Structure formats: C-alpha cells, structure tokens
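Comments concern the structure below.
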Amino acid sequence: MESHWQGEASPHYPKIRTREKTMSRILTSIAAGLLLSGSLALAQDTDKPQKTLTIGDKAPSIKDVSWIKGKPVEAFKEGETYLVECWATWCGPCIRAFPHLSKLQKQYKGKLRILGVGVWERGDDPMPMVKEFVAKQGDKMDYTVGLEMNDSIAKNWMGPAGQNGIPCGYLVGKEGRIEWIGHPGTIDPVLESYFAGTWDREAFAVDFKKEQEEERVMRTLTPVLRQASQSGNYTKAFEAIDAAAAKHPDMTVLMETKFQMMLMSDDHAKDAYSLGDSVLMNNWDNAQMLNSVSWSVLTNPNIKHRDLNFAMKAAERANQLTENKDASILDTLARAYFDKGMVDKAIATQERAIQHAPEGQKDEMKETLEKYLEGQPKVG
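For the sequence shown, the working numbering assigns the number 24 to the initial residue and increments by one for each residue that follows.
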C-alpha cells in the first residue's frame, strides 16, 4: 500500500483512509502492466472469495498459522484485543511498518497483542527463509510473528474482506469481532478511541461496506483496463467505465478512473482535463477525492501531459476543506508546490505535514522533506 494516508479524526470515529484507495491503487498497477509488490497483490485464490468478511463479523480462525516468534496463539480469547497484521518479506511498506508496530505493542502492553502474519510468500516451502528474515529483524519486529499455512489468511481474511494490498491490519475486539480494517500506519487514533470506549464500530462499518462495493466494481473492470493499458486502445475501457457509471451513478471514482485512463492515452490526453475539471467540480467538497486526483496527476509515471496547475488547484481545495491539518493532503500540496518550483512553500508545507502526521507516517515524510531541502525532485 502506498504509505500516504488521509484522516478526519473525531472522538468517536476517526475516519482513516489511504490516499490511493480503490481506483488509484488498481490503476497504478494496470499502468505499469504488473502487480506492484507491497501495493497490490491480487492472489488467484482471493479474486473471487466464496464468502465475505466485514466490520462487525466474527473474526475467522487463526489456527492455521505457524508461529515463529512470541507466544503462539491458537484462538482469540474473549476479553482480549488483537491486531492481526498481514505482511510479506518482499513488501517494502510492510518492512517500514515494523518499528511502528513494535512501538504500539510496547505502548499497549497488557491491552493489545499484535500478531504479524506472513502472507503471499513465494516458493513451495518459504518457512526457512521467513524464519531467517524474522531473526534478522531483531527488535524491529518486537511482537508475535507467524506465517500462514496453506494460504489460510489469504483465503479466510484477505479475500473475503476484499483486501488486495499489504500491509493490512485487522483489529479484533474483546468480543472476537472485527472492529476495523486498514493500513496499520493509520491505526493510532483507532486504538485511542477503542480503548477510551468511544469507538463507533457501526459508523465505520457503513463507510467500509461502501468501500468494499467500490473495490468489487473496480475488480470487475480490472481485466479490460489492464488490456487497454497494454494495447494502447482505450475504447473498450471507456465503454466499460461508462456502463459501470450508469449502474453506479454515485461512484465518483469511476469518472476519476476514466480521467486517469485518458491521461495515459496518446489520443485522449489533450482532452482529459476537460473531464478532469468536471471531476473536480463534482467532488469540490470531497477532500479525499480531490487529494487522490491531485496525487495521481503528480506521480503517475504514465501520464502523457502533467498539468501542475490542475494538481495544485485540487490539492489546495482539499487542504482548505481539511483546515490545513491533514498530513496526507499537506504532503500532496507540498509535492505540487515543489514540482512547480515553489521550493520554499513546499518545505514549509511538508514541515506542517510532518507535524500532523500519524507516528507511523512521519519517517517517510521526513525523507521527503530532506529531498525538498536538497532541491531534488522526489522520484515517484
């Protein structure tokens, strides 16, 4: 998963979202013509799950995990809270999350057990390699660690929940039910709310189910979008998107997807921003969507024409909506300023992003700030 997150926190329900949820994550992999390690891993066994897993459901079994480090867990105990975190040795964002998870384990000692479970590992017998990898991490992985057996977590957790990217965390509450699913780097306010007794599981469930439906629709489009990207012929892709939009008129992500595909097409790139302006206006009060559009325009390497003024306009509006306090949006705006040559504004904005960033996000944002201070464009 891309480690840029967006959140609008409230005492009862901190709204945490990844920057490139749904469309951008899928579209980026399609544009590259491959599946991105650590960003998107569409496993064959999880493309069409036979059941669903969502917020409020009983947590699936964890018995088919071979534990490598820490006290083994055979089942979830009533009255105890767990964070099941899916990771892999080949996943860069997962590795960067280890220190943050270790810090959380210490912070919530006696209240929370963090279980790092390896998934989607390659080879017939990955256990020796995973054991060696975990041993080398030392205190960076200072929590319970294991490896799924027979794709048990992929089949029973990731697929049914519609989760295609790692790292991915599942908060299992004291009743043994799923309280939250998301990027572990964004879980800090969720844990604070949960242990304070103010967490609103039902409110989070409403938004999560909407996201699951968007993921489902986008997965049905993925084959035709990938074929279009590989062939350079986008006609069928645009037809498929328009048909999906007719069935799901409230799914604004579909027109954003079409806009992004047009930007990657030699024949449609010049006309793309006419649709892009419509996307912005239709989402003028949607900070998350504006942020996603801006970030994609700034960073998608396959875009034929990059309109920095367009990207900056979207990011500035998103920042206005979130009152200059959202770390992810500030990070996007800083990138827009930097690419426009407004280095001083980029540095000041990135510094503010770091101030407001969750603990698990600060290090990467600091690395970005260093690049701005050096006056060197960030690769991405």
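Think of the CB as a built atom: it goes at the ideal place given N, C-alpha and C, for glycine as much as any other residue. Predicted model only: the values in this text are computed from it and were never measured.
{"Asked": "Close-in-space but distant-in-sequence residues of the same chain around L392 (CB under 6 Å, 5 per side omitted)", "Found": "Q373"}
{"Asked": "Per-residue DSSP class, three states only, for L76", "Found": "coil"}
{"Asked": "Residues that DSSP places opposite E171 in a beta bridge", "Found": "V88"}
{"Asked": "Within-9 Å CB hit, I176 to chain B", "Found": "Annotation note: the requested chain B is absent from the structure, which comprises a single protein chain."}
{"Asked": "Cβ-based neighbour list, R224, same chain, cut-off 7 Å, excluding 5 preceding and 5 following", "Found": "I78, G79 and E202"}
{"Asked": "Close beta carbons around G398, own chain, < 7 Å, minus the five adjacent residues each side", "Found": "V366"}
{"Asked": "Endpoints, alpha helix (DSSP H) assigned at V153", "Found": "M150 to Q160"}
{"Asked": "Segment limits, alpha helix (DSSP H) that includes E393", "Found": "E382 to E397"}
{"Asked": "Beta-carbon spacing of E339, A359 below 9 Å", "Found": "yes"}
{"Asked": "Reduced DSSP secondary structure (H/G/I, E/B, other) of G220", "Found": "coil"}
{"Asked": "Burial state of G146, where buried means 16 or more other Cβ atoms lie within 10 Å", "Found": "exposed"}
{"Asked": "I137, enclosing beta strand (DSSP E) - first and last residue", "Found": "L135 to G141"}
{"Asked": "The beta strand (DSSP E) enclosing E339, as first and last residue numbers", "Found": "It is not in any beta strand (DSSP E) - E339 instead sits in the alpha helix (DSSP H) that spans L331 to L344."}
{"Asked": "Cut-off 8 Å between Cβ atoms - residues of its own chain near K232, not counting five sequence neighbours on either side", "Found": "T77 and I78"}
{"Asked": "Element boundaries [alpha helix (DSSP H), containing T209]", "Found": "Here T209 belongs to no alpha helix (DSSP H), and DSSP marks it neither H nor E."}
{"Asked": "Segment limits, alpha helix (DSSP H) that includes W318", "Found": "A310 to T322"}
{"Asked": "Contact check, L298 vs A292, beta carbons under 9 Å", "Found": "no"}
{"Asked": "Residues bridged to G192 (per DSSP)", "Found": "E108 and G205"}
{"Asked": "Beta-carbon contacts of M335 that lie in its chain and below 8 Å, excluding the five residues immediately before and after", "Found": "S317, L356, A359, Y360 and K363"}
{"Asked": "Burial state of T69 (16 or more Cβ within 10 Å)", "Found": "Any reading at T69 needs caution, since the residue's pLDDT is 38, under 50, leaving its predicted position unreliable; the model's value is listed next. Classification for T69: buried."}
{"Asked": "Coil, strand or helix - K81 by DSSP", "Found": "strand"}
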